């Protein structure tokens, strides 16, 4: 059986820490970093990357388009 | 080249000339005394003659912004209104001038201020030449004095508008707008099919960067640069585009300065004066911006006094006084609020205020 | 490409050939000037994607408003004209009338479209101009510091309604989309949102339809996007979206108002 495994890349310097991506994720992958970027914003990161299915939700809801999504099919 | 001879109203001449000048669009709104411009255009169906668009907007606010849109696409756009409507245009005109777009705007001036009256006036001189809208900008202002010039200034206006990427105003009045004279109409100029890709908003093709037509510069240093560009334009206009007419000025001891209908009236005054043995000349500015300052500076060394004859409470007189710089007396005469002075009234005023004073 | 589940690492996944989503290449490199969490950014990206997918970059000209999105022309790589406050539909009319085969759209906020621009909005819709109007409704004047807008809902606190919008003195909020849907000149009127992924996908479909409709030459397509203004509403982005769901959506219900020239019952 195949399932999707995904991963996201956040453009850290362009993230404004709005946190909309966090709730948009159906598998609770994302959290905000305690660190801040050059503009002083906390930015999103994958706290639970194994749960990411590459569904694109976070990327499309991001008002600044800072998330790129990658996805592969995996044999379970 | 065979020219067509027709008997037309001033307003109709503007409309017919717009079609022949290859205009792409006219957007307007009815207001007396210039509604014939749009009525003629809608009647003529120029979309069948040349493909020209004619659209009655919801208001002058709509009309001037439609002009802004089409001008941004590099098209030849023309509009017309009268004093209260031109006041509504001012926001749009400031934007168009700042965004460096070409267009032609005809103001068929009526008595004001406020809702005023529908009879002719020249009380929009300040509005046309000194500003009207906010900011440091100028319109190139042409003042026709005949129905022939109403027609001829349309293609001239377009050429100047595109030469400088600046709005051009045809400043006329209800008298010329409504009167009928014979006009020699020029031949049809074909509408353009190519547009200067350096600035037009026609769609970003792969071979160029995107064009943004805007009058906004959030950084003051950029806004200053924009203003410097505009000022350089106006300097060039002042050097190259001054136009005027002299009537019996060669030996004149006294000078009448008048434009538009007032100049037509003063032509008769010159005749009456000369019949009485007075050496009076008429100087008729054709461009009100750039103003023929140099000519007046020079002639103020030869004549004894100048009467500024304008249908207002005294507006162009300020530009004459600036040019003359106190060398000789300069006075004003003119009826206003829609009243039109007679040639005899002007002669009496000249005698009283300048010759006998 | 399948791989063994146990051995897969993030590094294996993040490879160019596995890319499934990146923001549109029609978005410029400039960082968006909008507040964190503002729906403007999301809508900009949807528009950029639609234009890219339809392949109409060189045929699209947009008209920017006055408001927070006055600088919209910095962010999407197409030709733009920046209009005076409220006048965008008239500017768009001028553009569309002289270039009837180009895709012309306006991008406006609630003050621009429903206050100062009401005349231009209604008459462009009444004339049935073949343009697209994208209307961002966040019930407030964001750019100028959070004043009341014509779409501010009753009771809402803004800087010019500090005790809440009082209908008896300040008027009711206007549902301008329902208003213009009554006119025969509007062909497609819909109200959407972009605060959740499902809504983003629906809005994209709506905007795509609104652009494709220009080819039919049947009148105005207006897409209203009810959006947040966390700065103006003085909330966090996440809280503002919740507030929007609870307070704005009941008054501005999402869904199609007019489709293919017919009002939706």
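Chains as they are written, first to last, in the working numbering: chain A, 1 to 76; chain B, 1001 to 1357; chain C, 2001 to 2265.
For each residue, glycine too, the CB sits at the ideal point set by N, CA and C.
Just so you know, these numbers come straight off a predicted model, no measurement behind them.
Let's see if you can read the secondary structure: which residues bound the beta strand (DSSP E) around residue i?
i                       : result
residue 2008 of chain C : From DSSP, residue 2008 of chain C is part of no beta strand (DSSP E); its letter is neither H nor E.
residue 1167 of chain B : 1167-1173
residue 42 of chain A   : 42-46
residue 2255 of chain C : 2255-2259
residue 67 of chain A   : 67-75
residue 2137 of chain C : 2132-2137
residue 1080 of chain B : 1077-1081
residue 1246 of chain B : 1244-1247
Confirm, please, whether the CB-CB distance from residue j to residue i is below 9 Å.
i                       : j                       : result
residue 1215 of chain B : residue 1289 of chain B : no
residue 45 of chain A   : residue 10 of chain A   : yes
residue 2192 of chain C : residue 2224 of chain C : yes
residue 2127 of chain C : residue 2185 of chain C : yes
residue 1088 of chain B : residue 2120 of chain C : no
residue 2060 of chain C : residue 1203 of chain B : yes
residue 2154 of chain C : residue 2257 of chain C : no
residue 1040 of chain B : residue 1079 of chain B : no
residue 2174 of chain C : residue 2069 of chain C : no
residue 2207 of chain C : residue 2098 of chain C : no
residue 2134 of chain C : residue 2107 of chain C : yes
residue 2146 of chain C : residue 2243 of chain C : no
residue 2229 of chain C : residue 2086 of chain C : no
residue 1228 of chain B : residue 1306 of chain B : no
residue 2020 of chain C : residue 6 of chain A    : yes
residue 1044 of chain B : residue 1019 of chain B : yes
residue 2100 of chain C : residue 2218 of chain C : no
residue 1065 of chain B : residue 2090 of chain C : yes
residue 1223 of chain B : residue 1138 of chain B : no
residue 2077 of chain C : residue 2028 of chain C : yes
Grab the span of the alpha helix (DSSP H) containing residue i for me, first residue to last.
i                       : result
residue 1343 of chain B : 1343-1350
residue 1138 of chain B : From DSSP, residue 1138 of chain B is part of no alpha helix (DSSP H); its letter is neither H nor E.
residue 21 of chain A   : 20-24
residue 1160 of chain B : 1147-1164
residue 2029 of chain C : First-last for residue 2029 of chain C: undefined, no H or E at that position.
residue 2125 of chain C : 2118-2127
residue 2213 of chain C : 2197-2216
residue 57 of chain A   : 57-61
residue 32 of chain A   : Not the alpha helix (DSSP H): residue 32 of chain A falls in the beta strand (DSSP E), residues 30-36.
residue 2075 of chain C : Note, residue 2075 of chain C: premise wrong, no alpha helix (DSSP H); not H, not E.
residue 2180 of chain C : 2176-2181
residue 2169 of chain C : 2167-2170
Taking CB distances under 9 Å as the criterion, tell me whether residue i reaches chain F.
i                     : result
residue 44 of chain A : The structure shown contains no chain F; the protein chains it does contain are A, B and C.
Under the assumption that residue i contacts residue j (Cβ atoms under 8 Å), give the Cβ distance between them as a whole number of angstroms.
i                       : j                       : result
residue 2045 of chain C : residue 65 of chain A   : 5 Å
residue 1153 of chain B : residue 1144 of chain B : 5 Å
residue 1121 of chain B : residue 1312 of chain B : 6 Å
residue 1272 of chain B : residue 1347 of chain B : 5 Å
residue 2237 of chain C : residue 18 of chain A   : 4 Å
residue 1308 of chain B : residue 1257 of chain B : 5 Å
residue 1343 of chain B : residue 1269 of chain B : 4 Å
residue 2196 of chain C : residue 69 of chain A   : That belief does not hold up - the Cβ atoms of residue 2196 of chain C and residue 69 of chain A are roughly 17 Å apart, past 8 Å.
Take residue i as the anchor and find which of the options has the nearest alpha-carbon.
i                       : options                           : result
residue 1125 of chain B : B:1201, B:1040 and B:1260         : B:1260
residue 2072 of chain C : C:2047, C:2230 and C:2176         : C:2047
residue 2190 of chain C : C:2264, C:2107 and C:2113         : C:2264
residue 1336 of chain B : B:1123, B:1017 and B:1046         : B:1123
residue 51 of chain A   : A:29, A:3 and A:74                : A:29
residue 1206 of chain B : C:2123, C:2079 and C:2112         : C:2079
residue 1316 of chain B : B:1331, B:1302 and B:1305         : B:1331
residue 1013 of chain B : B:1148, B:1048 and B:1064         : B:1148
residue 1197 of chain B : B:1024, B:1010, B:1053 and B:1073 : B:1073
residue 1106 of chain B : B:1112, B:1083, B:1113 and B:1114 : B:1083
residue 2177 of chain C : C:2030, C:2036, C:2017 and C:2259 : C:2259
residue 1099 of chain B : B:1190, B:1173 and B:1213         : B:1213
residue 969 of chain B  : B:1171, B:1046 and B:1329         : What the structure shows of chain B is the stretch from 1001 to 1357, and residue 969 of chain B is not part of that stretch, so it cannot be assessed.
residue 1265 of chain B : B:1296, B:1310 and B:1209         : B:1310
residue 1158 of chain B : B:1008, B:1017 and B:1328         : B:1017
residue 1015 of chain B : B:1007, B:1024, B:1003 and B:1036 : B:1036
residue 2031 of chain C : A:57, A:39 and A:34               : A:39
residue 1102 of chain B : B:1119, B:1130, B:1091 and B:1140 : B:1140
Checklist entry - Residue ranges of each alpha helix (DSSP H) run of no fewer than 4 residues wholly in the stretch 2035-2073 of chain C, ordered along the chain? => result Those alpha helix (DSSP H) runs which fall completely within the stretch 2035-2073 of chain C and span 4+ residues are 2039-2054.
Checklist entry - Whole alpha helix (DSSP H) runs in the stretch 1003-1068 of chain B with 4 or more residues, listed along the chain? => result 1010-1020, 1035-1044 and 1046-1049
Item to check | Every unbroken alpha helix (DSSP H) within the stretch 1254-1285 of chain B, with a cutoff of 4 residues, ordered by chain | outcome: Taking only runs of at least 4 residues, the alpha helix (DSSP H) segments lying wholly in the stretch 1254-1285 of chain B are 1260-1275.
Next on the checklist: List, from N- to C-terminal side, the alpha helix (DSSP H) runs of 4 residues or more that fit wholly inside the stretch 1167-1241 of chain B.
Outcome noted: 1174-1178 and 1220-1240
Next on the checklist: Ignoring anything shorter than 4 residues, give me the alpha helix (DSSP H) runs that lie fully in the stretch 2227-2256 of chain C, in order along the chain.
Outcome noted: 2230-2233 and 2237-2243
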